[in-house]
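Protein sequence lines correspond, in order, to chains A and B. Using my numbering, the letters of the first sequence map in sequence onto residues 1 to 243. Using my numbering, the letters of the second sequence map in sequence onto residues 1 to 243. By construction, the Cβ of each residue, glycine as well, lies at the ideal position given by its N, Cα and C atoms. Accompanying notes for the structure given below.
2 protein chains.
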Amino acid sequence: MQYASKTTDQSGLEATWPRGRRSTFVAQRVRDMIVAGDIEAGTRINERVLTEQLGVSRTPLREAFKILEGEGLVRIDPNRGATVVGISPEEVEAAIEVLIGLESVAAARACERATPQMIAEIERLHAEMVDAYQRGELMEYFHINQTIHQRIVDCAHNATLSRIYAAESARIRRYRYAGNRRSERWARAVFEHEQILDALRQREGALLREVLRAHHLSGWGVTRNVLEGELSKAENQTLPGDR
Amino acid sequence: MQYASKTTDQSGLEATWPRGRRSTFVAQRVRDMIVAGDIEAGTRINERVLTEQLGVSRTPLREAFKILEGEGLVRIDPNRGATVVGISPEEVEAAIEVLIGLESVAAARACERATPQMIAEIERLHAEMVDAYQRGELMEYFHINQTIHQRIVDCAHNATLSRIYAAESARIRRYRYAGNRRSERWARAVFEHEQILDALRQREGALLREVLRAHHLSGWGVTRNVLEGELSKAENQTLPGDR
DNA sequence: TTGAGGCATATTGCATGCAAACATCCTAGA
DNA sequence: TCTAGGATGTTTGCATGCAATATGCCTCAA
Chain A
1 MQYASKTTDQ SGLEATWPRG RRSTFVAQRV RDMIVAGDIE AGTRINERVL
51 TEQLGVSRTP LREAFKILEG EGLVRIDPNR GATVVGISPE EVEAAIEVLI
101 GLESVAAARA CERATPQMIA EIERLHAEMV DAYQRGELME YFHINQTIHQ
151 RIVDCAHNAT LSRIYAAESA RIRRYRYAGN RRSERWARAV FEHEQILDAL
201 RQREGALLRE VLRAHHLSGW GVTRNVLEGE LSKAENQTLP GDR
Chain B
1 MQYASKTTDQ SGLEATWPRG RRSTFVAQRV RDMIVAGDIE AGTRINERVL
51 TEQLGVSRTP LREAFKILEG EGLVRIDPNR GATVVGISPE EVEAAIEVLI
101 GLESVAAARA CERATPQMIA EIERLHAEMV DAYQRGELME YFHINQTIHQ
151 RIVDCAHNAT LSRIYAAESA RIRRYRYAGN RRSERWARAV FEHEQILDAL
201 RQREGALLRE VLRAHHLSGW GVTRNVLEGE LSKAENQTLP GDR
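Below you can see the structure in the form of structure tokens.
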């Protein structure tokens with residue numbers, strides 16, 4: 001048995017992992033697998049299988065599970081091990097509400113503290129994203145999109161804010177990806193991103209906050225429909241990843 | 001050698017820990033020790049000492065360190081183990097900014113969704129807190145105070161919000177405690193809490209948000225002064241706990 | 001006296017072994 | 001046929017041993 005891996009090659013065992021950070025790297029790998037939907041929600045993860053696949057022993061893997069449990073990606077039941085947590089549309093909505101709140105905090109500060117370099121970096125990412133949009137590269141578009149939001153939050157120069165925002169974004173990433181598959185959303189999202197960029201350039205904190213909020217709410221409307229559609233298709237099974 | 005423990009008896013080794021959740025319980029114990037200031041910021045934690053003190057082996061302790069690292073309470077350096085992280089006043093301020101943002105999200109929702117039972121529970125806690133205030137029981141007062149804020153956030157019925165709020169509160173708890181030792185702050189804080197309770201009772205989301213915000217900013221002003229005073233006393237050593 | 005190098009000890013990182021809990025399958029009795 | 005119970009294999013939880021790394025100490029040369 002093996003857990004599928006769409007994001008990395010399946011060539012087999014890892015070479016050698018550096019000593020000292022094995023659990024961290026393992027956590028990163030497993031996190032990627034979960035976020036990419038390689039391991040379906042609700043799946044119980046067998047330690048032996050994953051240790052063989054990753055080429056590490058159980059100790060660093062179990063430490064990685066503790067990290068991922070803290071991030072809300074897996075649940076650890078006594079004597080039953082780690083299970084990939086499934087998130088309901090309601091929970092995704094709750095998390096998005098939090099992300100909006102965090103971006104609201106970021107908005108004012110970002111407009112005060114963003115350096116011209118940071119804004120230029122975001123403009124560069126925006127151009128890349130538009131390019132990906134025009135080429136129809138969904139995955140790339142989606143990835144850059146997420147990066148832009150993270151960079152805006154980073155502009156606030158608040159490490160706590162950046163850390164929490166990154167963790168929560170990662171936790172619901174695979175569900176939001178579902179919403180972004182609707183290509184009719186793209187054009188609107190690109191337009192909204194231009195508004196966001198304008199507000200940041202003009203350093204209008206209150207405006208930036210409102211534009212970001214509207215952007216997320218509009219995106220969530222689409223995502224929710226997709227998720228609920230998939231849920232009813234799946235007939236109350238586990239939530240699908242990005243199939 | 002032994003790490004002091006003001007919060008629990010020092011009678012020595014633990015009895016037996018239940019199988020299946022040892023790392024969780026160990027994490028709780030160590031978290032308590034850090035939050036209470038029993039282990040000073042900047043201290044490198046020796047695994048052997050702590051395993052002997054807690055009566056568990058290194059494996060669950062090391063898993064507990066991973067949990068606490070995720071919470072931002074310790075830092076794990078390769079081949080050097082876990083160190084209690086010290087937080088600068090700037091970082092505490094950044095975290096409080098985030099907490100204010102999270103409470104802002106909570107405020108509107110709490111006023112929509114709080115059940116009468118939840119409000120009654122908060123009123124009960126408030127009465128207890130006033131009682132502790134009148135008896136001069138600082139630790140108890142502080143603890144109930146924190147619980148009230150958590151309960152208000154819980155009223156929003158947003159699990160993500162509650163989880164993040166709890167984690168961030170814990171991370172900076174010992175620093176805020178320093179600010180609350182100024183007893184002249186107590187009277188004002190109790191008054192502000194009454195305003196908070198009123199806003200919640202009347203389900204005035206916007207008002208609740210503003211009152212909470214003002215409450216935190218006023219508290220932070222005192223805390224910052226205390227922290228900066230202690231910092232200069234300590235002459236750029238590690239941040240003191242609750243000495 | 002100081003500092004570089006090297007040896008001895010302490011400490012951490014990880015793999016592994018063993019015991020407890022769990023899961024599965026089989027059988028006996030109703 | 002169905003179910004209780006138990007035998008057997010599987011999986012997890014934890015302790016421990018070994019190797020790698022860090023740390024402290026000592027020596028010796030400049």
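Closest residue to residue i among the options (Cα-Cα distance)
| i | options | result |
| --- | --- | --- |
| A:Glu47 | A:Ala132, A:Glu40, A:Ala64 | A:Ala64 |
| A:Gln117 | A:Ala94, A:Ile152, A:Glu137 | A:Ile152 |
| A:His157 | A:Arg113, A:Glu228, A:Glu204 | A:Arg113 |
| A:Gly72 | A:Leu208, A:Ala166, A:Val130 | A:Ala166 |
| B:Ala41 | B:Ile172, B:Leu50, B:Tyr141, B:Pro18 | B:Ile172 |
| A:Gly205 | A:Glu103, A:Arg75, A:Glu140, A:Gln134 | A:Glu103 |
| A:Gly136 | A:Arg185, A:Gln202, A:Arg44, A:Leu50 | A:Arg185 |
| A:Ala107 | A:His143, A:Asn225, A:Ser162 | A:Ser162 |
| B:Gly101 | B:Thr115, B:Ala189, B:Ser169 | B:Ser169 |
| A:Arg174 | A:Thr160, A:Gln150, A:Met139, A:Thr43 | A:Met139 |
| B:Gly37 | B:Val49, B:Trp220, B:Arg176 | B:Arg176 |
| B:Val105 | B:Val222, B:Arg19, B:Pro18, B:Leu208 | B:Leu208 |
| A:Glu93 | B:Arg62, B:Arg109, B:Lys66 | B:Arg109 |
| A:Val56 | A:Ile67, A:Trp220, A:Leu68, A:Val26 | A:Val26 |
| B:Val74 | B:Arg124, B:Thr115, B:Ile39, B:Ala178 | B:Ile39 |
| B:Ala178 | B:Gln202, B:Val222, B:Ile164, B:Val190 | B:Val222 |
| B:Pro78 | A:Glu97, A:Arg19, A:Glu123 | A:Arg19 |
| B:Arg124 | B:Glu194, B:Gln28, B:Ile45 | B:Glu194 |
Residue i versus residue j: straight-line alpha-carbon distance, rounded
| i | j | result |
| --- | --- | --- |
| B:Ala132 | B:Glu121 | 17 Å |
| A:Val30 | A:Arg58 | 14 Å |
| A:Ala4 | B:Leu200 | 49 Å |
| A:Leu197 | B:Ser23 | 45 Å |
| A:Arg309 | B:Val35 | The structure shown does not extend to residue 309 of chain A, since chain A spans only 1 to 243, so no value can be given for it. |
| A:Asp242 | A:Glu91 | At A:Asp242 the pLDDT is 31, less than 50, meaning the model places this residue with poor confidence and gives no usable figure here. |
| A:Leu250 | A:Gln2 | In the structure as shown, chain A begins at 1 and stops at 243. Residue 250 of chain A is therefore absent and cannot be evaluated. |
| B:Arg213 | B:Ala95 | 13 Å |
| B:Thr8 | B:His216 | Per-residue confidence for B:Thr8 stands at a pLDDT of 47, beneath the threshold of 50, marking its modelled position as unreliable; no derived number is given. |
| B:Glu246 | B:Arg21 | No answer is possible for residue 246 of chain B: the residues shown for chain B start at 1 and end at 243. |
| B:Ile148 | B:His126 | 7 Å |
| B:Gln134 | A:Leu54 | 59 Å |
| A:Asp32 | B:Tyr141 | 44 Å |
| A:Gln146 | A:Met129 | 10 Å |
| A:Arg224 | A:His143 | 19 Å |
| A:Arg188 | A:Gly86 | 29 Å |
| A:Thr83 | A:Gly70 | 13 Å |
| B:Ser295 | A:Thr43 | Limits of chain B in this structure are 1 at one end and 243 at the other, which puts residue 295 of chain B out of reach. |
| A:Cys155 | A:Ile119 | 8 Å |
| A:Gly229 | A:Leu99 | 24 Å |
| A:Pro89 | A:Trp17 | 37 Å |
| A:Glu210 | A:Cys111 | 13 Å |
| B:Arg62 | A:Gln150 | 31 Å |
| B:Thr160 | A:Leu50 | 28 Å |
| A:Glu52 | A:Pro60 | 13 Å |
| B:Ser67 | A:Lys66 | A quick correction: the sequence has Ile, not Ser, at residue 67 of chain B. Spanning the two alpha carbons is a distance of roughly 6 Å. |
| A:Thr115 | A:Trp220 | 30 Å |
| B:Arg203 | B:Ile164 | 23 Å |
| A:Val76 | A:Ile45 | According to the sequence shown, residue 76 of chain A is Ile rather than Val. If I take the Cα positions, the gap works out to 10 Å. |
Limits of the beta strand (DSSP E) - the one that residue i falls within
| i | result |
| --- | --- |
| B:Gly70 | Not the beta strand (DSSP E): B:Gly70 falls in the alpha helix (DSSP H), residues 58–70. |
| A:Thr83 | 81–84 |
| A:Arg75 | 74–77 |
Limits of the unbroken alpha helix (DSSP H) element including residue i
| i | result |
| --- | --- |
| B:Asp38 | From DSSP, B:Asp38 is part of no alpha helix (DSSP H); its letter is neither H nor E. |
| A:Glu204 | Run containing A:Glu204: none; DSSP gives neither H nor E here. |
| B:Thr51 | 47–54 |
Residue i CB to nearest heavy atom of the ligand MN below 7 Å
| i | result |
| --- | --- |
| B:Tyr133 | Looking at this structure, you won't find the ligand MN or any other ligand, since it has none at all. |
Residues of the region 147–158 of chain A with a CB closer than 9 Å to any CB of chain B: list them in chain order, please.
Ala156, His157, Asn158
Could I get the ranges of all uninterrupted alpha helix (DSSP H) runs contained in the region 104–144 of chain A, with 4 residues as the minimum, in chain order?
116–135
Contact list for the region 91–111 of chain B against chain A, Cβ threshold 8 Å
Glu91, Ala94, Ala95, Glu97, Val98, Ile100, Gly101, Leu102, Ser104, Val105, Arg109
Taking a Cβ distance cut-off of 8 Å, strictly less, list which residues of the region 65–84 of chain B are near chain A, in chain order.
Lys66, Ile67, Glu69, Gly70, Glu71, Gly72, Pro78, Asn79
May I ask you to list, following chain order, the residues of the region 19–32 of chain A that have a beta carbon less than 8 Å from some beta carbon of chain B?
Arg19, Gly20, Arg21, Ser23
When Cβ atoms are compared, which residues of the region 39–65 of chain A fall closer than 9 Å to chain B?
Thr59, Arg62, Glu63, Ala64, Phe65
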